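Structure record follows, encoded as structure tokens.
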Amino acid sequence: MSDDHREDPAAPRPEGEEQVKKKGKHKKDKPWDTDDIDKWAIEPWNAEEYKTPFLEESSFATLFPKYRERYLKEVWPLVTKALEKHGVACVLDLVQGSMMVKTTRKTSDPYIIIKARDLIKLLARSVPFPQAVKILDDGIACDIIKIGNITRNKEKFVKRRQRLIGPSGNTLKAIELLTECYMLVQGSTVAAMGPFKGLKALRRLVLDCMNNIHPIYHIKELMIKRELSKDDQLKNENWERFLPKFKKRNVQSQKANKDGKPEKKKKEYSPFPPTQQQSKIDMQLESGEYFLKPSERAARALEEKKKEQVEGSLRSQMERESAFVAPKETTELEKQRKRKRDGEGSSEAKRKEERAQLEALKRRFKEQGEREKREKSKARA
1 MSDDHREDPA APRPEGEEQV KKKGKHKKDK PWDTDDIDKW AIEPWNAEEY KTPFLEESSF
61 ATLFPKYRER YLKEVWPLVT KALEKHGVAC VLDLVQGSMM VKTTRKTSDP YIIIKARDLI
121 KLLARSVPFP QAVKILDDGI ACDIIKIGNI TRNKEKFVKR RQRLIGPSGN TLKAIELLTE
181 CYMLVQGSTV AAMGPFKGLK ALRRLVLDCM NNIHPIYHIK ELMIKRELSK DDQLKNENWE
241 RFLPKFKKRN VQSQKANKDG KPEKKKKEYS PFPPTQQQSK IDMQLESGEY FLKPSERAAR
301 ALEEKKKEQV EGSLRSQMER ESAFVAPKET TELEKQRKRK RDGEGSSEAK RKEERAQLEA
361 LKRRFKEQGE REKREKSKAR A
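If you count by UniProt numbering, then the sequence shown holds residues 1 to 381, one letter each, in order.
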């Protein structure tokens with residue numbers, strides 16, 4: 001094509017024709033990508049589609065801690081049986097402390113080896129076999145969240161990890177119900193199993209908890225989301241206006257050193273040098289002591305010392321004598337004033353006193369009457 005037929009991009013276009021923007025020209029309409037498609041859904045595997053065996057053997061191995069050796073030895077026949085159904089072989093090496101899974105000629109599902117790898121990972125992370133074997137089902141994935149390197153302080157790490165479990169495991173149960181995931185807190189990792197949607201929320205919750213954001217805030221958020229998802233009108237809307245917004249209130253406290261003592265505050269910067277402190281000679285020159293003889297200086301120091309001793313002895317004598325000083329005696333007039341202040345001379349107090357006196361008289365008359373009756377009965381007898 002010649003240069004004459006080329007279109008000039010800077011040339012003005014007709015009024016009816018819109019100018020095509022070069023930016024984002026890779027973005028095209030996707031008529032097949034509609035809102036009714038569930039992108040979280042996993043398509044079921046059909047074994048009849050792929051009958052031929054794989055060309056290459058795939059294998060995965062993982063190490064396990066010493067304390068899991070006994071349990072794995074007991075459970076391994078069940079693991080072998082579960083993996084044989086899917087055409088996957090497994091090996092337990094107790095010498096090296098490792099587990100290995102590999103594909104065989106019978107394997108048809110290409111993704112089952114990844115599922116088998118996740119199974120041995122979960123078994124190594126102390127997940128019991130009845131729970132770990134569920135990973136082989138479609139729609140269930142796993143996530144092992146590392147929490148050991150988030151906080152350096154061991155005490156803080158233990159406290160924050162305990163928040164995930166909560167008192168008598170209540171927080172853990174709430175998280176499992178809301179995310180529809182199984183969660184196991186073990187050592188410096190958190191093993192989780194469940195749908196992808198729930199695992200995403202659970203990972204965020206765990207990492208935020210280790211970064212000092214309490215799980216209760218996420219639990220409240222998940223509860224609100226659960227209720228909103230049930231509503232047909234609000235299902236496809238933005239939920240930000242309904243979700244609670246929590247602000248982090250950082251109470252600034254005085255930082256402490258390694259010894260536990262508070263750090264000294266930095267002094268304000270000044271371009272001028274600090275004033276020079278007076279030396280001992282300068283102070284003596286100011287007081288006139290510098291010009292005295294050594295004997296006179298010694299006499300003055302002795303005099304000051306004696307003066308301090310006299311003051312100290314007077315102070316201690318006054319403290320000793322204060323124990324023998326008689327307390328101030330209150331007169332009858334002062335007592336009456338005190339009663340008035342306390343409210344003893346009020347009308348209510350008088351009424352109470354009169355009632356008490358009447359009741360006492362009644363009791364006395366009653367007792368006297370009973371005595372007379374007894375005496376009369378004795379005289380008749």
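Idealized CB from N, CA, C, for every residue including glycine.
Every value quoted in this text rests on a predicted model; they were computed, and no experiment measured them.
Distance check for residue j and residue i, CA to CA, integer angstroms please.
i, j, result
"residue 128", "residue 77", "14 Å"
"residue 317", "residue 299", "27 Å"
"residue 100", "residue 74", "17 Å"
"residue 88", "residue 34", "38 Å"
"residue 210", "residue 49", "46 Å"
"residue 113", "residue 121", "12 Å"
"residue 246", "residue 47", "49 Å"
"residue 55", "residue 102", "13 Å"
"residue 58", "residue 239", "44 Å"
"residue 266", "residue 274", "15 Å"
"residue 84", "residue 104", "10 Å"
"residue 335", "residue 366", "37 Å"
"residue 175", "residue 270", "55 Å"
"residue 285", "residue 302", "20 Å"
"residue 146", "residue 25", "41 Å"
"residue 138", "residue 40", "12 Å"
"residue 376", "residue 370", "10 Å"
"residue 31", "residue 131", "41 Å"
"residue 208", "residue 277", "54 Å"
"residue 355", "residue 327", "37 Å"
"residue 37", "residue 236", "13 Å"
"residue 16", "residue 27", "Note that residue 16 scores 49 on pLDDT, short of 50, meaning its location in the model is unreliable and no value can be drawn from it."
"residue 363", "residue 357", "10 Å"
"residue 98", "residue 61", "7 Å"
"residue 325", "residue 351", "41 Å"
"residue 206", "residue 228", "23 Å"
"residue 281", "residue 152", "54 Å"
"residue 67", "residue 94", "12 Å"
"residue 224", "residue 79", "40 Å"
"residue 154", "residue 212", "14 Å"
"residue 291", "residue 305", "21 Å"
"residue 86", "residue 69", "25 Å"
How would you label residue i, buried or exposed, when you count the other beta carbons within 10 angstroms and need 16 or more for buried?
i, result
"residue 190", "buried"
"residue 161", "buried"
"residue 118", "buried"
"residue 111", "exposed"
"residue 226", "exposed"
"residue 10", "For residue 10, the pLDDT reaches just 49, beneath the cut-off of 50, and the residue's location in the model is therefore unreliable, although a value from the coordinates is still provided. Its Cβ having fewer than 16 others within 10 Å, residue 10 is exposed."
"residue 243", "exposed"
"residue 215", "buried"
"residue 192", "buried"
"residue 107", "buried"
"residue 183", "buried"
"residue 312", "exposed"
"residue 169", "exposed"
"residue 199", "buried"
"residue 29", "exposed"
"residue 194", "buried"
"residue 332", "exposed"
"residue 188", "exposed"
"residue 310", "exposed"
"residue 133", "buried"
"residue 202", "buried"
Put residue i into one of helix, strand or coil per three-state DSSP.
i, result
"residue 179", "helix"
"residue 63", "strand"
"residue 98", "strand"
"residue 4", "Low confidence applies here, because residue 4 scores a pLDDT of 47, under 50, leaving its location unreliable; read the following figure in that light. Residue 4: helix per DSSP, three-state reduction."
"residue 233", "coil"
"residue 92", "strand"
"residue 435", "With the chain covering 1 to 381 only, the question about residue 435 has no answer from this structure."
"residue 276", "coil"
"residue 323", "coil"
"residue 202", "helix"
"residue 292", "coil"
"residue 243", "coil"
"residue 312", "helix"
"residue 369", "helix"
"residue 104", "coil"
"residue 331", "coil"
Quick one: is residue i near chain C, going by C-beta distance under 8 Å?
i, result
"residue 185", "The structure shown contains no chain C; it is built from a single protein chain."
Contact check, residue i vs residue j under 8 Å by CB: the rounded distance?
i, j, result
"residue 92", "residue 63", "With a Cβ gap of about 12 Å, residue 92 and residue 63 do not count as contacting."
"residue 222", "residue 171", "Not a contact, Cβ separation roughly 12 Å."
"residue 399", "residue 163", "The structure shown has nothing for residue 399, since the chain only spans 1 to 381."
"residue 196", "residue 141", "6 Å"
"residue 297", "residue 289", "6 Å"
"residue 82", "residue 136", "7 Å"
Can you give, in chain order, each stretch of the alpha helix (DSSP H) that sits fully within the region 117-172 and has at least 4 residues?
129-132, 154-165
Entirely enclosed beta strand (DSSP E) segments - the region 30-75, minimum 3 residues
59-63
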